[in-house]
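Those protein sequences? They're chains R and A, same order as listed. Sequential numbering from 2 applies to the first sequence in our numbering. Sequential numbering from 20 applies to the second sequence in our numbering. Every residue gets a Cβ at the ideal spot worked out from N, C-alpha and C, and that includes glycine. Shown next, in structure tokens, is the structure this report addresses.
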Amino acid sequence: MTGRRTLDVSGLPPYDISNQSPLFWGQVLMCLIEGSLLCMLIATYFYLRLGVDVWPAPGVHLPSLTGPTVALIPLLASCVGSYLASEAAKKDSRGGMLLGLGLNLGLAMIFLVLRAIEWNSLNFTWASDAHGSIFWTILFLHSYDILADVLMTAVLLVIVASGHCGPRQRIGVHVDSVLWYFLVGIWIPLYGVIYWAPRLIGGSR
Amino acid sequence: MTPVASQPHVYADLDVLRRTWSSRPGLLGWLSEINHKAIGRRYILTAFIFLLLGGIEALLMRLQLAKPENTFLAAARYNQIFTLHGTTMMFLFAVPVMEGMGIYLVPLMVGTRNVAFPRLNAFGYWMYLAGGLFIYGCAFFGMIPDAGWFAYPPLSGPQFSPGKGVDVWAQMITFTEVSALCVAVELIVTILKMRAPGMSLNRMPTFCWSMLVQSFMIIFAMPAVMIASTVFLLNDRTLGTHFVNPAEGGDPLLYQHVFWFFGHPEVYIIFLPALGIVSSILETHTRRQIFGYPALVLSLVGNGFIAFGLWVHHMFATGLPQIGEAYFTAASMMIAITSGVQIFCWLATLWTGRLRPTAAVHFVFGFIFIFVMGGMTGVMLASIPLDLQTHDTFFVVAHFHYVLIGGALFPLFGGFHYWFPKFTGRLIDETLGKLSFWILFVGFNLTFFPMHWLGIVGMTRRVYTYVPGLGWEHANLLATIGAFVILSGGLVFIVNVLRSRRSGPRAGSDPWDASTLEWETTSPPPPYNFPNLPVVPTRTPLWTPSAERAIVTGLREDRREILITSVLDAQPHHRSVQPRPSIWPMLTALGFSVGLAGSIFAFYWYYVASVLGMVGLIGWFWPERPLEVKP
Chain R
2 MTGRRTLDVS GLPPYDISNQ SPLFWGQVLM CLIEGSLLCM LIATYFYLRL
52 GVDVWPAPGV HLPSLTGPTV ALIPLLASCV GSYLASEAAK KDSRGGMLLG
102 LGLNLGLAMI FLVLRAIEWN SLNFTWASDA HGSIFWTILF LHSYDILADV
152 LMTAVLLVIV ASGHCGPRQR IGVHVDSVLW YFLVGIWIPL YGVIYWAPRL
202 IGGSR
Chain A
20 MTPVASQPHV YADLDVLRRT WSSRPGLLGW LSEINHKAIG RRYILTAFIF
70 LLLGGIEALL MRLQLAKPEN TFLAAARYNQ IFTLHGTTMM FLFAVPVMEG
120 MGIYLVPLMV GTRNVAFPRL NAFGYWMYLA GGLFIYGCAF FGMIPDAGWF
170 AYPPLSGPQF SPGKGVDVWA QMITFTEVSA LCVAVELIVT ILKMRAPGMS
220 LNRMPTFCWS MLVQSFMIIF AMPAVMIAST VFLLNDRTLG THFVNPAEGG
270 DPLLYQHVFW FFGHPEVYII FLPALGIVSS ILETHTRRQI FGYPALVLSL
320 VGNGFIAFGL WVHHMFATGL PQIGEAYFTA ASMMIAITSG VQIFCWLATL
370 WTGRLRPTAA VHFVFGFIFI FVMGGMTGVM LASIPLDLQT HDTFFVVAHF
420 HYVLIGGALF PLFGGFHYWF PKFTGRLIDE TLGKLSFWIL FVGFNLTFFP
470 MHWLGIVGMT RRVYTYVPGL GWEHANLLAT IGAFVILSGG LVFIVNVLRS
520 RRSGPRAGSD PWDASTLEWE TTSPPPPYNF PNLPVVPTRT PLWTPSAERA
570 IVTGLREDRR EILITSVLDA QPHHRSVQPR PSIWPMLTAL GFSVGLAGSI
620 FAFYWYYVAS VLGMVGLIGW FWPERPLEVK P
């Protein structure tokens, strides 16, 4: 055996907090899965729209544009927190990670409160008609995703704050930001579909 | 990085490696298992148990149809049995068994120590197992689905399918799809980021290519079925949404569109790994590089794309606009091009190679014969006028059994014979293997060939009986006899596996003189797969003289360190440490399972699933000691 040539990799870094990390790739694929799910719901929205003459059904008040549009501000701003956290993770700055994660969490909480207020102001349910079904499905699934990521971010914050900030946690912070960008990014078309589409292609056909 | 001349002391310390990569002992260790070979074996074994269950259901159906006006099964029971048969074979056998082969073989073939996300891998298996136990467990409480394996509304809707059977079916889909998605993610990352140095994409084994394409198909197809089964069907049934209720603006056809947007790629999700298996067997057993490697790989990728443009050919009888249907006819026929390219590549390989006719090769020949026949009826069915005549008849049943059994089961059995020495360390008996092949081959054609004719003369599928005097008696009896011939072939296979596993001759690391990396390590492979990770200089590394092949040194052995390489050229990029075994993936799967199972009764169980799942995930991700991964 001693005759074999060798490729010595001991000089390579023992971890890498970047888009070369397997966890980053895993996270991107998870986003692809969630993205194809939500794209399918967008297709469903327009399929159902084409099947009826009046959209939404008579008696349904369209959700107000103001609330969800205002809620975009904290949502988009929260990406700054994610960005700061992931940059801090790359530079191994614990303070920076805490700041970024905290900023992200705070703004995300404001967004969730605004969404909860809007949620309670709707005058139709998922059982009202097909419009209600698809509207609530999109709203519920996205809220669920956001809530799940907010909880995970909170857990990460606790982990980092309690002194665990080795490479594995720092990669976690980095990919958590990737997921958050995705959840914010995918909301823009979803927001367009459920709030603007019924105004543009709604009413009677 | 370029390999350099060696120093003797760099070889791995096998004792340390074994200690680092071994699983924990005892029951707790068994539940915490995260080694890809153990999880792969569990997938394969569990799937074969479901194959037996699905097979028993098939035999019950054939017994009922053996003679006209038979009273062996009542109509309602027959509906339940064909639903369970289809559901079991598609969701609990065919996809998981291919995933199991991929999980076991891909890390060995690309030359690494484990899959990219070992804990996710374990979680996926437990979800799959829970889904299978859920649907069969509910059967004991009379909650048996009976609306067919694709559960079309309005038949499957709240009005015509009261009871919980269809709900169980719909939620079982979620379990198996979550499992398939987990496997897809980890296989893609394993293939793209963990290949041995030097294994650029154009040196990757065809089986890995087929698993890569299949995994991407899972990622784009599986979300659709979760929408169809859970969002549309289950929510309409339990929450009162109106997705498929035309009275409130919904549309039952929407369900069909979304279901088949998944359902057609699903066939290729099952079939693509089989193509990879066939290429692997042929390359080894003709002792030449597979003919037309670039064409084969491009055809696999092409199959993956075209498969998403075919779904409406399942819906030709629904009255969709004909101009749209014509597009799907053309697309359906196009798949014959990519499939044909592969068939011709294999024929050329056979023609120019020196063939060794082992049992595995027998199964490959069976595959080519049966699959080409199924492919030809497929081209026929792509034509709308013919499809309208034979829609929902036994002609379709014959077609998809030729494609699925011929296209997936025969290659799988061939692959099982081929890799059996690697799995177990022992050779499988060739004579019994060939015997089981011939019995299965004859039995298969005896069962399903008459169904072509039955369908053409008008026997519809899913009927529990028929009246005498239609001339269907002989063909049906023949099919029933054939089903029992298949059973005896299966029994020979099982006997062969059990016997060879116990007392077959020792195989050694490479009994076939094969070309790919899984044959470099011992059989069965040690927990760490390779003492030193290999460096790959050619597409057939084991046929390259070992003096020209280098090995990787410098990976730490006292922790689970792996090598991450670049996507296209597999240049070493960094080292990475994998997590240790953990019970949390199993507990997380248990938490989700309890909640999902409850959700068919009340919505709040989704919250239970979320809370338990969240607790599980926190345990899973909580940092291990030692706190820091030091360089």
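Inter-residue Cα distance where the pair is residue i and residue j
{"i": "Glu-302 of chain A", "j": "Gly-610 of chain A", "result": "45 angstroms"}
{"i": "Gln-195 of chain A", "j": "Leu-139 of chain A", "result": "With the sequence shown as reference, residue 195 of chain A is identified as Thr, and Gln is not the correct amino acid for it. Near 14 angstroms, if we compare the C-alpha coordinates of Leu-139 of chain A and Thr-195 of chain A."}
{"i": "Trp-438 of chain A", "j": "Glu-449 of chain A", "result": "13 angstroms"}
{"i": "Phe-335 of chain A", "j": "Asn-264 of chain A", "result": "21 angstroms"}
{"i": "Met-213 of chain A", "j": "Gly-130 of chain A", "result": "8 angstroms"}
{"i": "Asp-32 of chain A", "j": "Pro-190 of chain R", "result": "55 angstroms"}
{"i": "Gly-48 of chain A", "j": "Gly-573 of chain A", "result": "29 angstroms"}
{"i": "Leu-646 of chain A", "j": "Thr-535 of chain A", "result": "Per-residue confidence for Leu-646 of chain A stands at a pLDDT of 43, beneath the threshold of 50, marking its modelled position as unreliable; the derived number appears in the next sentence. Roughly 39 angstroms separates the two Cα atoms."}
{"i": "Phe-125 of chain R", "j": "Leu-459 of chain A", "result": "58 angstroms"}
{"i": "Arg-579 of chain A", "j": "His-592 of chain A", "result": "17 angstroms"}
{"i": "Arg-373 of chain A", "j": "Ala-293 of chain A", "result": "22 angstroms"}
{"i": "Glu-567 of chain A", "j": "Phe-278 of chain A", "result": "51 angstroms"}
{"i": "Pro-650 of chain A", "j": "Glu-539 of chain A", "result": "Since pLDDT at Pro-650 of chain A reaches only 47, below the 50 mark, its modelled position is unreliable, and the value read off the structure follows with that caveat. Using only the alpha carbons, I get a separation of about 30 angstroms."}
{"i": "Met-230 of chain A", "j": "Ile-237 of chain A", "result": "10 angstroms"}
{"i": "Ala-247 of chain A", "j": "Leu-77 of chain R", "result": "31 angstroms"}
{"i": "Ala-128 of chain R", "j": "Pro-340 of chain A", "result": "30 angstroms"}
Minimum Cβ-Cβ distance from residue i to chain A less than 8 angstroms
{"i": "Trp-181 of chain R", "result": "no"}
{"i": "Ser-134 of chain R", "result": "yes"}
{"i": "Met-2 of chain R", "result": "Low per-residue confidence applies at Met-2 of chain R: pLDDT is 46, beneath 50, and the placement is therefore not dependable, though the value from the model is reported in the following sentence. At least one chain A Cβ lies under 8 angstroms of Met-2 of chain R."}
{"i": "Asp-130 of chain R", "result": "yes"}
{"i": "Ala-58 of chain R", "result": "yes"}
{"i": "Gly-97 of chain R", "result": "no"}
{"i": "Asp-93 of chain R", "result": "no"}
{"i": "Ile-160 of chain R", "result": "yes"}
{"i": "His-165 of chain R", "result": "yes"}
{"i": "Tyr-16 of chain R", "result": "yes"}
{"i": "Ser-11 of chain R", "result": "yes"}
{"i": "Leu-106 of chain R", "result": "no"}
{"i": "Ile-43 of chain R", "result": "no"}
{"i": "Trp-26 of chain R", "result": "yes"}
{"i": "Val-156 of chain R", "result": "yes"}
Cβ shell of residue i (< 7 angstroms), same chain only, five flanking positions each side left out
{"i": "Thr-541 of chain A", "result": "Ser-528"}
{"i": "Phe-310 of chain A", "result": "Cys-364, Ala-367, Thr-368 and Thr-371"}
{"i": "Trp-624 of chain A", "result": "Gly-614, Gly-617 and Ser-618"}
{"i": "Ala-608 of chain A", "result": "Phe-142, Trp-145, Met-146 and Ala-149"}
Beta carbon proximity, residue i to chain R, threshold 8 angstroms
{"i": "Pro-242 of chain A", "result": "yes"}
{"i": "Met-236 of chain A", "result": "no"}
{"i": "Thr-368 of chain A", "result": "no"}
{"i": "Arg-138 of chain A", "result": "no"}
{"i": "Ile-246 of chain A", "result": "yes"}
{"i": "Asp-270 of chain A", "result": "yes"}
{"i": "Val-35 of chain A", "result": "no"}
{"i": "Thr-249 of chain A", "result": "no"}
{"i": "Arg-222 of chain A", "result": "no"}
Opening and closing residue of the beta strand (DSSP E) in which residue i lies
{"i": "Asp-9 of chain R", "result": "7-9"}
{"i": "Glu-580 of chain A", "result": "580-584"}
{"i": "Ser-455 of chain A", "result": "Element bounds for Ser-455 of chain A: not the beta strand (DSSP E) but the alpha helix (DSSP H), 449-475."}
{"i": "Ser-595 of chain A", "result": "591-596"}
Chain-order list of residues whose beta-carbon lies under 6 angstroms from that of residue i (same chain, five-residue window excluded)
{"i": "Phe-91 of chain A", "result": "Leu-82 and Gln-83"}
Close beta carbons around residue i, own chain, < 8 angstroms, minus the five adjacent residues each side
{"i": "Tyr-84 of chain R", "result": "Gly-101 and Ser-178"}
Residue i classed as buried or exposed, judged by whether at least 16 other C-beta atoms fall within 10 angstroms
{"i": "His-28 of chain A", "result": "Because His-28 of chain A sits at a pLDDT of 48, beneath the cut-off of 50, its placement in the model cannot be relied upon, and the following sentence gives the value as read from the coordinates. His-28 of chain A is exposed by the Cβ-count criterion."}
{"i": "Met-2 of chain R", "result": "Model confidence at Met-2 of chain R stands at a pLDDT of 46, short of 50, so the residue's coordinates are unreliable; what they give is reported in the following sentence. Label assigned to Met-2 of chain R: exposed."}
{"i": "Arg-200 of chain R", "result": "exposed"}
{"i": "Tyr-274 of chain A", "result": "buried"}
{"i": "Pro-404 of chain A", "result": "exposed"}
{"i": "Trp-457 of chain A", "result": "exposed"}
{"i": "Leu-64 of chain A", "result": "exposed"}
Start and end residues, alpha helix (DSSP H) containing residue i
{"i": "Val-571 of chain A", "result": "Premise fails: Val-571 of chain A lies in the beta strand (DSSP E), 570-572, not in any alpha helix (DSSP H)."}
{"i": "Glu-88 of chain R", "result": "67-92"}
{"i": "Gln-275 of chain A", "result": "271-305"}
{"i": "Ala-149 of chain R", "result": "131-162"}
{"i": "Cys-227 of chain A", "result": "225-245"}
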